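Participant: Got a structure for you, written out below as structure tokens; questions coming shortly.
Protein chains: 2
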Amino acid sequence: MQRTDFSAMACSIARTLDVIGEPWSPLVLRDVWVGLNRFDQLQADLGISRKVLTERLNHLVDQGVLERRPYDRRPRYEYVLTEKGTELVDLLMVMAGWGDKWLAGEAGPPVLYRHHACGEISGVDLRCTHCGESMHANDVDVLPGPGVTTS
Amino acid sequence: MQRTDFSAMACSIARTLDVIGEPWSPLVLRDVWVGLNRFDQLQADLGISRKVLTERLNHLVDQGVLERRPYDRRPRYEYVLTEKGTELVDLLMVMAGWGDKWLAGEAGPPVLYRHHACGEISGVDLRCTHCGESMHANDVDVLPGPGVTTS
DNA sequence: GTCACAGAGTCCCCTGAAGGAACTCAAGAA
DNA sequence: TTCTTGAGTTCCTTCAGGGGACTCTGTGAC
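Read top to bottom, the protein sequences are chains A and B.
Each step along the first sequence adds one to the number in my numbering, with nothing skipped, and position 44 is 44.
Counting from 1 along the second sequence, just add 1000 to a position and that's the residue number in my numbering.
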């Protein structure tokens, strides 16, 4: 969709946006995650144009985020998350956490997450992979890495 | 930009997408975060159309994610992250982590993060706010919450 | 006092993506 | 044989994105 090609930028944020950087893709992934795996289910739930849904699904399959698999001898297909796609859902949980905090208002969060390990209704917290302490935007320095050149 | 109004959906992901759900906004936030605070700096760094940049900045200010403040007696302004915006940058770090893992390829990540607390080059890890254990997409049940109705 | 300048936009035109509705196609069911 | 269902295609209209030129406002130089 975007006219500008983000995938060529030397920035992992821009490259990720090339995969899910328009508003329907994250919602498609969310729906697939919660068990809406078929074209018509997705179309009905999201209210998205069939044309655009086709484009999004093809793009997500091309990117290796979803897998298209037949579930019948008739030409019927369903979409499931790959490992790459499942890890994108982590991003959606963080997104949902921000929306819960800043946008949900009086009514409270529309969806809750129960953590298997402890059984509690909970949310995600960002921690350093190295020391395990809290790690947020203000807790880091940004440095150039090995893949910094555009070529 | 989007013709569909995501803000009305009873979904914190959709609502968040109404704030940063098109590809330029996250990149604008990233740039502001690393110290590119002025209109022409952003325009030059991103290569974005001036018209679109104006729209994005206004939207982000309206949403309370950025603050527009004068820095001169002449009509000169710079954009800074609010607390709400800074917490969105957390989301960008998760996004960058996914891109680093799945899209960076041979060259490696273009940007590294050094954690103030431990001084190490590191990344973010998602953990349960309740028990502190790892918490990813496959580690949770999704349940309806109090704000589930659309009204 | 006038001129050039720089930052921060605004305006205009063109292209192409999003929305919406109707149409197609394959294969099993009645 | 016709009906139905899932999974798309096709076509048309409208509006957002890209690009470049233009504007506006104070300042400092001459």
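Backbone N, C-alpha and C define an ideal beta-carbon position, used for all residues, glycine too.
Being a predicted model, the structure only gives us computed values, none of them experimental.
In angstroms with no decimal places, state the Cα-to-Cα distance between VAL1080/B and GLU78/A.
Facilitator: Translated into positions along the second sequence, residue 1080/B becomes position 80. Translated into positions along the first sequence, residue 78/A becomes position 78. Their backbone Cα atoms lie some 44 Å apart in a straight line.
Participant: Under a three-way DSSP split, which group does MET1/A fall into?
Facilitator: By one-based count along the first sequence, residue 1/A stands at place 1. For MET1/A, the predicted structure reports a pLDDT of 43, less than 50, and the residue's modelled location is therefore unreliable. A value from the coordinates is still provided. In this structure, MET1/A counts as coil in the three-state DSSP scheme.
Participant: Can you list the residues of chain B that ALA8/A reaches, using a CB-CB cut of under 7 Å?
Facilitator: Sequence index remark: in the first sequence, residue 8/A carries index 8 (1-based). The contacting residues do not exist; ALA8/A stays about 11 Å from chain B at best.
Participant: Mapping DSSP to helix, strand and coil, what is ASP1072/B?
Facilitator: To locate residue 1072/B, count along the second sequence from 1; it is residue 72. Note: ASP1072/B maps to coil in three-state DSSP.
Participant: I need the boundaries of the alpha helix (DSSP H) containing ARG1056/B, first residue and last residue.
Facilitator: Within the second sequence, residue 1056/B is the residue found at index 56, counting from 1. It spans 1050 to 1062 - the alpha helix (DSSP H) in which ARG1056/B sits, taken as one unbroken run.
Participant: Taking only beta-carbon positions, decide if TYR113/A is within less than 8 Å of chain B.
Facilitator: Here residue 113/A is taken as the residue at index 113 of the first sequence, counted from 1. So, interface residue.
Participant: Can you tell me the Cα-Cα spacing of THR1004/B and PRO144/A, whole angstroms?
Facilitator: By 1-based counting over the second sequence, the position of residue 1004/B is 4. By 1-based counting over the first sequence, the position of residue 144/A is 144. Taking the straight line from one Cα to the other gives about 38 Å.
Participant: Along the chain, where does the beta strand (DSSP E) containing PRO110/A start, and where does it finish?
Facilitator: The residue given as residue 110/A occupies position 110 in the first sequence. Element bounds for PRO110/A: n/a, residue is neither H nor E.
Participant: In terms of residue numbering, what span does the alpha helix (DSSP H) encompassing ARG1030/B cover?
Facilitator: By 1-based counting over the second sequence, the position of residue 1030/B is 30. Run containing ARG1030/B: 1024 to 1033, per the alpha helix (DSSP H) assignment.
Participant: Closest Cβ-Cβ distance between LEU1091/B and chain A: below 8 Å?
Facilitator: Position 91 of the second sequence, counted from the start, is the residue given in the question as residue 1091/B. It does; some Cβ of chain A falls within 8 Å.
Participant: Check whether chain A comes within 8 Å of ALA1044/B, counting only Cβ atoms and requiring the distance to be less than that.
Facilitator: The residue given as residue 1044/B occupies position 44 in the second sequence. So no, ALA1044/B is outside the interface.
Participant: Using beta carbons (cut-off 8 Å, strictly below), is THR1054/B in contact with chain A?
Facilitator: As a working note, residue 1054/B is residue 54 in the second sequence. Closer than 8 Å: no.
Participant: So, helix, strand or coil for GLU78/A, using DSSP?
Facilitator: Within the first sequence, numbered from 1, the residue matching residue 78/A stands at position 78. The answer is strand: DSSP assigns GLU78/A an E or B state.
Participant: Is the segment 1004 to 1014 of chain B touching the segment 23 to 31 of chain A in the sense that three or more CB pairs, one from each, lie closer than 8 Å?
Facilitator: The segment 23 to 31 of chain A vs the segment 1004 to 1014 of chain B: in contact.
Participant: Cβ atoms of THR82/A and GLU67/A: under 8 Å apart, would you say?
Facilitator: Reading the first sequence from its first residue, position 67 is the one you call residue 67/A. Reading the first sequence from its first residue, position 82 is the one you call residue 82/A. Yes, Cβ-Cβ distance for GLU67/A and THR82/A is below 8 Å.
Participant: Could you work out which residue in HIS1136/B, ILE1121/B, GLN1063/B, CYS1131/B is closest to LEU1017/B when comparing CA atoms only?
Facilitator: Working through the second sequence from its first residue, we reach residue 1017/B at position 17. Checked all of HIS1136/B, ILE1121/B, GLN1063/B, CYS1131/B; the closest Cα to LEU1017/B is GLN1063/B.
Participant: Between VAL61/A and chain B, is any beta-carbon pair separated by less than 8 Å?
Facilitator: On the first sequence, residue 61/A is found 61 positions in, with the first residue counted as 1. No, no contact with chain B.
Participant: So, helix, strand or coil for SER151/A, using DSSP?
Facilitator: On the first sequence, position 151 is the one that residue 151/A refers to. Annotation note: pLDDT 42 at SER151/A (below 50); position unreliable, coordinate value reported separately. In the structure shown, SER151/A sits in coil (DSSP, three-state: anything other than H, G, I, E or B).
Participant: Let me make sure I understand the geometry here. Which of TYR1071/B, GLY1147/B, HIS1136/B, LEU1036/B has the alpha-carbon closest to that of LEU92/A?
Facilitator: Counting from one through the first sequence, the residue named residue 92/A turns up at place 92. Of the listed residues, the one whose Cα sits closest to LEU92/A is HIS1136/B.
Participant: Beta carbon of VAL1089/B, beta carbon of TRP1033/B: below 8 Å?
Facilitator: Taking the second sequence and counting its residues from 1, the one referred to as residue 1089/B is at position 89. Taking the second sequence and counting its residues from 1, the one referred to as residue 1033/B is at position 33. Yes, they are a contact pair.
Participant: I'd like to know if LYS51/A contacts chain B, where contact means its C-beta is closer than 8 Å to some C-beta of that chain.
Facilitator: Translated into the one-based positions of the first sequence, residue 51/A becomes position 51. No, because no Cβ of chain B sits closer than 8 Å to the Cβ of LYS51/A.
Participant: If you draw a straight line from the alpha carbon of VAL140/A to that of HIS116/A, how long is it in whole angstroms?
Facilitator: For the purposes of this step, residue 140/A is taken as the residue at position 140 of the first sequence. For the purposes of this step, residue 116/A is taken as the residue at position 116 of the first sequence. If I take the Cα positions, the gap works out to 30 Å.
Participant: Check for me: the beta strand (DSSP E) holding ASP1141/B runs from which residue to which?
Facilitator: Locating residue 1141/B in the second sequence gives position 141, counting from the first residue. That run of the beta strand (DSSP E) goes 1140 to 1144.
Participant: If you measure from the beta carbon of ASN1138/B to each beta carbon in chain A, is any gap under 8 Å?
Facilitator: Locating residue 1138/B in the second sequence gives position 138, counting from the first residue. Chain A, which has a Cβ nearer than 8 Å to the Cβ of ASN1138/B, makes this yes.
Participant: Quick one: list the residues of chain A neighbouring THR1086/B, beta-carbon separation under 9 Å, in chain order.
Facilitator: By 1-based counting over the second sequence, the position of residue 1086/B is 86. Within 9 Å Cβ-Cβ: HIS136, ALA137, ASN138.
Participant: For ASP100/A and chain B, any beta-carbon pair shorter than 8 Å?
Facilitator: Position 100 of the first sequence, counted from the first residue, corresponds to residue 100/A. At least one chain B Cβ lies under 8 Å of ASP100/A.
Participant: When the Cα of TYR1104/B is compared with those of GLU133/A, THR149/A, PRO75/A, CYS118/A, which residue comes out closest?
Facilitator: Here residue 1104/B refers to the residue found at position 104 when the second sequence is read from its first residue. Note that residue 1104/B corresponds to Ala in the displayed sequence, not to Tyr. Looking at the Cα atoms, THR149/A is the closest of the given residues.
Participant: Sorted by chain position, which residues of the same chain lie with C-beta nearer than 8 Å to LEU1046/B's C-beta, five sequence neighbours on each side aside?
Facilitator: The residue given as residue 1046/B occupies position 46 in the second sequence. Hits under 8 Å: TRP1024, LEU1027, VAL1028, ASP1031, LEU1053.
Participant: Mapping DSSP to helix, strand and coil, what is VAL1094/B?
Facilitator: Here residue 1094/B refers to the residue found at position 94 of the second sequence. Note: VAL1094/B maps to helix in three-state DSSP.
Participant: Could you confirm whether any beta carbon from chain B is found closer than 8 Å to the beta carbon of ASP40/A?
Facilitator: Position 40 of the first sequence, counting from 1, holds the residue named residue 40/A. Not closer than 8 Å to any Cβ of chain B, the Cβ of ASP40/A fails to qualify, so no.
Participant: Within 8 Å (strictly less), CB to CB, does VAL148/A reach chain B?
Facilitator: Stepping through the first sequence from its first residue, residue 148/A is reached at position 148. Chain B contact via Cβ: present.
Participant: What three-state label does DSSP hand GLU67/A in the structure shown?
Facilitator: Along the first sequence, read from residue 1 onward, the residue named residue 67/A stands at position 67. Note: GLU67/A maps to strand in three-state DSSP.
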